[in-house]
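Colleague:
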Amino acid sequence: MHIFKTIIDIVPALDEYRLQGKKIGFVPTMGNLHDGHIELVKLARKTNDVVVCSIFVNNLQFGLNQDWDKYPRTLEKDCEKLKSVSCEVLFHPDENQMYPNGLDSQTRVICPSMTDILCGASRPGHFEGVTTVVSKLLNIIQPNELILGRKDFQQMAILRRMIEDLCFPVNIIEANIYREADGLAMSSRNSFLTVAEKCKASQLYESLNWVVQMIRSGNKDFNFLQKEASKQINRAGFRTDYISVCNSKTLE
């Protein structure tokens, strides 16, 4: 596996693959890779000649008092996992590479109406940071396919809109959510949970499944379903931020 830390080095290397007629798939991550990430790499492998993975803990998408400095950095283990599934290229830039003029003066990419609702309501600036860094990575890597997981559904919908609006010449491949045995979606931040918290977290999946089953059985009283699912989750010991039944494309 080739590891690149600078834009000036990775761009000509990927150009060489393109000159050979090879198709490039791209999996962007923040590292601390788990089985869900590895499945994304495997999915990229199925339809591409070259798989590129990026590891960059993007400070721009973390708000005040959030966990940027605590986010797990496990580069050595991540490299071993990527090598085990034959990932050809790892792009691991530092902040100076991605934001040479500093975070405060960085040009931002914004998707109006989609970034300040749902998760964005309690995380101002988060999705602006995501769209900005992904647009930069797409310009650097210039992949044929971008592989995204459905776990961060709002993020995926926003990136889909950004790519459409800004005419990025890349196809999005949507991957299913990869879950633990108890139904909890795999996430790098699951390592922050205690054993007791992790046991409780399965209630999230159970409540979401309940909503899906009710809708499929014909119940379209979305306000009732949202309130009832929220009660179920709160009874398990959580404080619900939001539960929303919305359009998968517009998030309305």
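Start counting the sequence shown at 212; every next residue gets the next number (this note's numbering).
We put the beta carbon where it would ideally sit given N, CA and C, even for glycine.
Only a predicted model underlies this, so the values are computations on that prediction, with no experimental measurement involved.
Out of Arg371, Asn307, Cys264, which has the shortest C-alpha to C-alpha gap to Met241?
Modeller: Along the sequence shown, one-based indexing puts residue 241 at 30. Selected option, being the one with the closest Cα: Cys264.
Colleague: Determine the direct distance from the alpha carbon of Tyr389 to that of His303, and round the result to whole angstroms.
Modeller: Against the sequence shown, residue 303 aligns to sequence position 92. Against the sequence shown, residue 389 aligns to sequence position 178. Roughly 24 Å between the two C-alpha positions.
Colleague: From the DSSP secondary-structure annotation, give me the bridge partner or partners of Ala386.
Modeller: Taking the first residue of the sequence shown as 1, we reach residue 386 at position 175. Note: Ala386 sits in a beta bridge opposite Gly360.
Colleague: Go ahead and pull the three-state DSSP assignment for Pro223.
Modeller: Taking the sequence shown and counting its residues from 1, the one referred to as residue 223 is at position 12. Three-state result, Pro223: helix.
Colleague: Given a cut-off of 9 Å on the beta-carbon distance, is the pair Leu357 and Ile214 in contact?
Modeller: Your numbering for residue 357 matches position 146 in the sequence shown. Your numbering for residue 214 matches position 3 in the sequence shown. It is not a contact, given that the beta carbons lie outside the stated cut-off.
Colleague: Keeping to the same chain, check which residues put their C-beta closer than 8 Å to that of Met309; ignore five residues upstream and five downstream.
Modeller: Translated into the one-based positions of the sequence shown, residue 309 becomes position 98. Phe267, Asn269, Val344, Lys347, listed in sequence order.
Colleague: Taking the beta carbon of Gly232 as the centre, do at least 16 other beta carbons fall within 10 Å, making it buried, or is it exposed?
Modeller: The residue labelled residue 232 in the question sits at position 21 within the sequence shown. Burial call: exposed.
Colleague: Go ahead and pull the three-state DSSP assignment for Cys264.
Modeller: The residue given as residue 264 occupies position 53 in the sequence shown. Residue state, collapsed to three classes: strand.
Colleague: My output table needs one value for Leu301: the three-state DSSP class, helix, strand or coil.
Modeller: What you label residue 301 is simply residue 90 of the sequence shown in a count that begins at 1. In this structure, Leu301 counts as strand in the three-state DSSP scheme.
Colleague: Going by C-alpha to C-alpha distance, which of Glu391, Leu359, Ile249, Leu254 sits closest to Ser295?
Modeller: In the sequence shown, counting from the first residue as 1, residue 295 sits at position 84. Answer by Cα proximity: Ile249.
Colleague: Of all the options Leu244, Gln437, Ile218, which has the alpha carbon lying nearest to the alpha carbon of Ser398?
Modeller: Within the sequence shown, numbered from 1, the residue matching residue 398 stands at position 187. Among Leu244, Gln437, Ile218, the Cα nearest to that of Ser398 belongs to Leu244.
Colleague: Return helix, strand or coil for Ile235, following the three-state DSSP convention.
Modeller: Position 24 of the sequence shown, counted from the first residue, corresponds to residue 235. Strand, per DSSP.
Colleague: DSSP three-state call for His213: helix, strand or coil?
Modeller: One-based indexing of the sequence shown puts residue 213 at position 2. In the structure shown, His213 sits in a strand (DSSP, three-state: E or B).
Colleague: Using the C-alpha atoms, what's the distance from Met212 back to Val262?
Modeller: Indexing the sequence shown from 1 puts residue 262 at position 51. Indexing the sequence shown from 1 puts residue 212 at position 1. Their backbone Cα atoms lie some 10 Å apart in a straight line.
Colleague: In the structure shown, what three-state DSSP assignment does Thr285 receive?
Modeller: Position 74 of the sequence shown, counted from the first residue, corresponds to residue 285. It is coil, neither helix nor strand.
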